[in-house]
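Protein chains in written order, with the numbering used here: chain A, 28 to 327; chain B, 2 to 288.
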Amino acid sequence: MRIGMFFREALRSIRANAAISVAATVTALIAVFILGAFIPSFMYVRSAVDSQKAKVDVDVYIADTASVAQVNSLRDRLNGLRTDGTVAEVTYVSKEDALRIMRERLRDPSVLDELPSNPLPAKFNVRPTDAENADVIVAAVKDDPALDPTEGIVYPESTADRLLTAAKFVQWAGFVLIGILLLAAVLLIGNTIRLSIFARRREVEVMRLVGATNWFIRWPFMIEGVICGLVGAVVAVGMLWGIKVGVVDAWAAGADSALTKTGSAAGTIAFPMLTLVLVGAGALLGAIGSGITLRRFLKV
Amino acid sequence: MSDGPDSGRPAFTLVEVPQATEDPAQDDMAALFSAPVQDGTRRKGDIFRPGPGPMVEFRGVTKTYQGNSRGLDDVSLRIGTGEFVFLVGPSGSGKSTFIRLIIRELRPTEGSVIVGGRELGELRRGKVPYLRRAIGCVFQDFRLLPDRTAAENVAYALQVTGHKKAEVRRRVPEILSLVGLDGKYDRLPRELSGGEQQRVSIARALVNHPRLLIADEPTGNLDPETSLGIMDLLLRINRTGTTVLVATHDRHTVDRMQMRVIALQEGRVVRDEESSGYHDRTGEVPA
């Protein structure tokens, strides 16, 4: 009975102040829409960065002169890094394997037949668990006697560093941007509820007069804010769905699409989950926005 | 409408001059107040403390507004349970401050206000709504919700205080009939005359069975004939045991009814007489 009454009061108020309610709803819509566009984009960039980071390998070249014992000792040191979680995988590439790989890559492999002997050193291909660990691996084995004196250790230092910096920047920029957007949405919904309180000040006055408790007066406004947030979120989700189906999916479907090449859809959020998050965010925006305003402007 | 012993005649007429004679309609009014007001028992949610003490007591109350203007200046008085009191005085004399202190819309700068045995200064903020449920308020501008019918306006007061639907459905027509609005339940305020709107507002104030009814210039916007009807209604409510406090500068009404008159001027009580008129016995302005 009471909850039903609160809803009726909230709907009555939304109808009575249609313009204000529409303004609140549109505000929530914009905030949720931008949030909804940002979350998958952000996650896509993250997944692209992660897939690049996964490609950062460290090649540890072995001197031709190294003894079997020295090579085994180097292998043990690298495998030792696996146990402490720095290294994901250690693969041995023999001189013959290296030559075969080279042969496969060359357009004209016959040039290799001219070589008197195999010039390519054997190596351990080390894949770190995280690109940041490349430095640890290098530090651990750089003085090893089995290392090839000319090749030594090779890893794409600058690429890894740049990727890491980019990933951190994207992460922080994302947090800041989302924070600003949510704050703006909360303040705008709060302002709308303030206008609604003003439009209904007579009713509020009467409610106080007949002895309504604070929460009894507040509930319809809370519900009003939540309804605005929810409706805005639902419309925003609809718009995002349209954009996903009409633009993003079509783009990703292209055979050589840059989208599928650099990142993967699997790395981003699934649409039903995104819907849930956004609708929840819309409701929360409405509740927080009206809650803050009520605390400030509805003192009894 | 709830029929009295002789339901052949209307409960009361609109412009009945108040008289102390026995009135059959009185039985209707008393019957409606299902819980006797004076029996010292407490109703559910009632914050008033039962006892023989006065309904309203002001002890050395001073209210100073910002900018040092005085609303009230050292006012001490008592209004007994069941009394009918006129509060008179020119604009700015402190009548509204007096009323707003009683419903704790304002708090005194000095002194204490005691209503129904409760010192309002000690009342927690969360209890203020319960204080207001025990006090019915009527204002010059009626303060009805313009988008609701007469019945909805009255029902609102019951819904707000958590009454069940069935009870709301039962009590609203009863009380509207009681104040003389039979057949006008579904009218919007703008479709009613000023007197009728004030009756809706009185019905709303009464529907929660207040111990104290406060009317701030209830006839300020009404013609003399209609005013008589409203005053008559307030007097009948008073006869059921409800304490009634009417702030007014309607001289004719005050003179005719010969009730206790408290006159304020510049925030001070300048006269407090039983069975009096708007002016004091020398015929001066209320001073």
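Note that CB positions come from ideal geometry on N, CA and C, so glycine has one too.
On a predicted model such as this, the values are computed, not experimentally measured, just so you know.
- prompt: Taking DSSP as the reference, what is the three-state secondary structure of B:Met56?
  reply: Residue mapping note: residue 56 of chain B aligns to position 55 of the second sequence, counting from 1. Reduced to three states, the DSSP call for B:Met56 is coil.
message: Can you confirm whether B:Thr162, when its beta carbon is compared against all beta carbons of chain A, has any partner nearer than 9 Å?
response: Within the second sequence, residue 162 of chain B is the residue found at index 161, counting from 1. Interface residue, yes.
- request: Return the chain-ordered ranges of every beta strand (DSSP E) run that is complete within the region 200 to 284 of chain A and spans a minimum of 3 residues.
  value: As far as the region 200 to 284 of chain A is concerned, it has no whole beta strand (DSSP E) run of at least 3 residues.
message: So if DSSP puts A:Tyr88 in a beta bridge, which residue, or which two residues, is it bridged to?
response: Position 61 of the first sequence, counting from 1, holds the residue named residue 88 of chain A. Per DSSP, A:Lys150.
task: Just mark A:Asn106 as buried or exposed, buried being the case when its beta carbon has 16 or more other beta carbons within 10 Å.
output: For the purposes of this step, residue 106 of chain A is taken as the residue at position 79 of the first sequence. So A:Asn106 counts as exposed.
query: What beta strand (DSSP E) runs, 3 residues minimum, are completely inside the region 105 to 140 of chain A?
result: The region 105 to 140 of chain A contains these whole beta strand (DSSP E) runs: 114 to 120.
query: Can the beta-carbon of A:Ala260 be found closer than 9 Å to that of A:Val213?
result: As a working mapping, residue 260 of chain A is identified with position 233 in the first sequence. As a working mapping, residue 213 of chain A is identified with position 186 in the first sequence. In this structure, A:Ala260 lies away from A:Val213, with their beta-carbon atoms at least 9 Å apart.
- request: Rounded to whole angstroms, what's the CA-CA distance from A:Asp276 to A:Thr295? Just pull it up for me.
  value: Walking along the first sequence from the start, residue 276 of chain A turns up at place 249. Walking along the first sequence from the start, residue 295 of chain A turns up at place 268. Going by the C-alpha atoms only, they are around 13 Å apart.
- prompt: From A:Ile254 to A:Trp246, what distance separates their C-alpha atoms?
  reply: The residue given as residue 254 of chain A occupies position 227 in the first sequence. The residue given as residue 246 of chain A occupies position 219 in the first sequence. Just so you know, the alpha carbons of A:Ile254 and A:Trp246 end up roughly 12 Å apart.
task: Take the Cβ of A:Pro2 as the centre, count every other Cβ of all protein chains shown within 10 Å, and call the residue buried at 16 or more, exposed below.
output: Any property of residue 2 of chain A remains undetermined from this structure, which presents chain A solely from 28 to 327.
- request: Could you check the C-alpha separation between A:Phe196 and A:Val76 for me, to the nearest Å?
  value: Here residue 196 of chain A refers to the residue found at position 169 of the first sequence. Here residue 76 of chain A refers to the residue found at position 49 of the first sequence. A straight-line Cα-Cα distance of about 11 Å links A:Phe196 and A:Val76.
message: Against chain A, which members of the region 207 to 226 of chain B pass a CB distance test of less than 9 Å?
response: Taking 9 Å as the Cβ-Cβ cut-off against chain A, the residues of the region 207 to 226 of chain B that qualify are Val208 and Asn209.
query: Looking at the structure shown, is B:Asp273 part of a helix, part of a strand, or coil, going by DSSP?
result: Working through the second sequence from its first residue, we reach residue 273 of chain B at position 272. Three-state result, B:Asp273: strand.
task: Can you give me the Cβ contacts of B:Gly118 inside the same chain, cut-off strictly under 8 Å, excluding the 5 residues immediately before and after it?
output: Counting from 1 along the second sequence, the entry for residue 118 of chain B is found at position 117. If the five residues before and after B:Gly118 are omitted, its C-beta is found closer than 8 Å to the C-beta atoms of Phe49, Arg50, Pro51, Gly52 and Gly54, all from its own chain and listed in chain order.
query: What separation, rounded to the nearest whole angstrom, lies between the Cα atoms of A:Val87 and A:Leu142?
result: Locating residue 87 of chain A in the first sequence gives position 60, counting from the first residue. Locating residue 142 of chain A in the first sequence gives position 115, counting from the first residue. CA-CA distance, A:Val87 to A:Leu142, rounds to 24 Å.
message: Check whether chain B comes within 9 Å of A:Gly238, counting only Cβ atoms and requiring the distance to be less than that.
response: Counting from one through the first sequence, the residue named residue 238 of chain A turns up at place 211. Chain B contact via Cβ: present.
- prompt: So the alpha helix (DSSP H) A:Phe34 belongs to, where does it begin and stop?
  reply: Counted from its first residue, the first sequence places residue 34 of chain A at position 7. First-last of the alpha helix (DSSP H) with A:Phe34: Arg29 to Ala43.
message: Within 10 Å of its beta-carbon, does B:Asp251 have 16 or more other beta-carbons around it, so buried, or fewer, so exposed?
response: Your numbering for residue 251 of chain B matches position 250 in the second sequence. It is buried - the Cβ of B:Asp251 has at least 16 other Cβ atoms within 10 Å.
- prompt: CB B:Val180 to CB B:Leu234, shorter than 9 Å?
  reply: Locating residue 180 of chain B in the second sequence gives position 179, counting from the first residue. Locating residue 234 of chain B in the second sequence gives position 233, counting from the first residue. For B:Val180 and B:Leu234, yes; Cβs fall inside 9 Å.
message: Which residues of the region 156 to 182 of chain B have a Cβ closer than 8 Å to any Cβ of chain A? Give them in chain order.
response: Going along the region 156 to 182 of chain B in chain order, one finds Tyr157, Ala158, Gln160, Val161, Thr162, Gly163, Lys165 and Lys166 with a Cβ nearer than 8 Å to chain A.
message: Quick check on DSSP: helix, strand or coil for B:Gln266?
response: On the second sequence, position 265 is the one that residue 266 of chain B refers to. In the structure shown, the three-state DSSP call for B:Gln266 is strand.
Contact the region 259 to 269 of chain B vs the region 93 to 102 of chain B: 3+ CB pairs below 8 Å: Verdict: yes, contact present.
field: Nearest neighbour of A:Ser33, chosen from B:Glu84, B:Gln141, B:Lys64 and B:Val161 [CA to CA]
entry: Counted from its first residue, the first sequence places residue 33 of chain A at position 6. The residue you asked about is not Ser; residue 33 of chain A is Phe in the sequence shown. Of B:Glu84, B:Gln141, B:Lys64 and B:Val161, the residue nearest in Cα terms is B:Val161.
- request: For B:Thr254, I'd like the list of residues in its chain whose CB is within less than 7 Å of its CB, leaving aside the five on either flank, ordered along the chain.
  value: Numbered from 1 along the second sequence, position 253 holds the residue referred to as residue 254 of chain B. The residues are Thr220, Ser228 and Met232.
- prompt: Counting Cβ pairs closer than 8 Å, one from the region 148 to 166 of chain B and one from the region 226 to 245 of chain A, do we hit at least three?
  reply: Taking one beta carbon from each stretch, the region 148 to 166 of chain B and the region 226 to 245 of chain A have 3 or more pairs nearer than 8 Å; the two touch.
message: Below 9 Å on C-beta distance, what does A:Glu159 contact in chain B?
response: If you number the first sequence from 1, residue 159 of chain A lands on position 132. Identification of chain B residues near A:Glu159 by a Cβ-Cβ cut-off of 9 Å yields none; the smallest Cβ-Cβ distance measures about 56 Å.
query: What residues match up with B:Val116 in a beta bridge as DSSP calls it?
result: In the second sequence, residue 116 of chain B corresponds to position 115, counting from 1. DSSP, once it has assigned bridges, lists B:Val57 and B:Arg119 as partnering B:Val116.
query: Based on the DSSP output, what are the partners of B:Met260 in its beta bridges?
result: On the second sequence, position 259 is the one that residue 260 of chain B refers to. DSSP, once it has assigned bridges, lists B:Ser277 as partnering B:Met260.
message: Can you tell me whether A:Ala51 is buried or exposed? The criterion is at least 16 other CB atoms within 10 Å of its CB, across all chains shown.
response: In the first sequence, the residue the question calls residue 51 of chain A occupies position 24. Buried, since its Cβ has 16 or more Cβ neighbours within 10 Å.
- request: Would you kindly check if the distance between the Cβ of A:Leu209 and the Cβ of A:Glu159 is under 9 Å?
  value: Within the first sequence, numbered from 1, the residue matching residue 159 of chain A stands at position 132. Within the first sequence, numbered from 1, the residue matching residue 209 of chain A stands at position 182. Against a cut-off of 9 Å, the Cβ pair of A:Leu209 and A:Glu159 comes out as no contact.
- prompt: Using the beta-carbon of each residue, which ones in chain B are nearer than 7 Å to A:Met32?
  reply: In the first sequence, residue 32 of chain A corresponds to position 5, counting from 1. Within 7 Å Cβ-Cβ: Gln160.
- prompt: A:Met175: which of A:Val272, A:Ile205 and A:Pro148 sits nearest, CA to CA?
  reply: The residue given as residue 175 of chain A occupies position 148 in the first sequence. According to the sequence provided, residue 175 of chain A is Asp. The question's Met does not apply to it. The candidate whose alpha carbon is nearest that of A:Asp175 is A:Pro148.
- prompt: For the alpha helix (DSSP H) that contains B:Phe143, what are its first and last residues?
  reply: For the purposes of this step, residue 143 of chain B is taken as residue 142 along the second sequence, with counting starting at 1. Secondary structure note for B:Phe143: it is in no alpha helix (DSSP H), with a DSSP letter that is neither H nor E.
message: Does chain A have any CB closer than 9 Å to the CB of B:Leu132?
response: On the second sequence, position 131 is the one that residue 132 of chain B refers to. It does: the Cβ of B:Leu132 has a partner Cβ on chain A nearer than 9 Å.
task: Run down chain A in chain order and give the residues with a C-beta less than 8 Å from the C-beta of B:Arg144.
output: Here residue 144 of chain B refers to the residue found at position 143 when the second sequence is read from its first residue. In chain order: Arg229, Glu232, Val233 and Leu236.
query: Taking DSSP as the reference, what is the three-state secondary structure of B:Gly72?
result: By 1-based counting over the second sequence, the position of residue 72 of chain B is 71. Here B:Gly72 carries a strand assignment [DSSP, helix/strand/coil].
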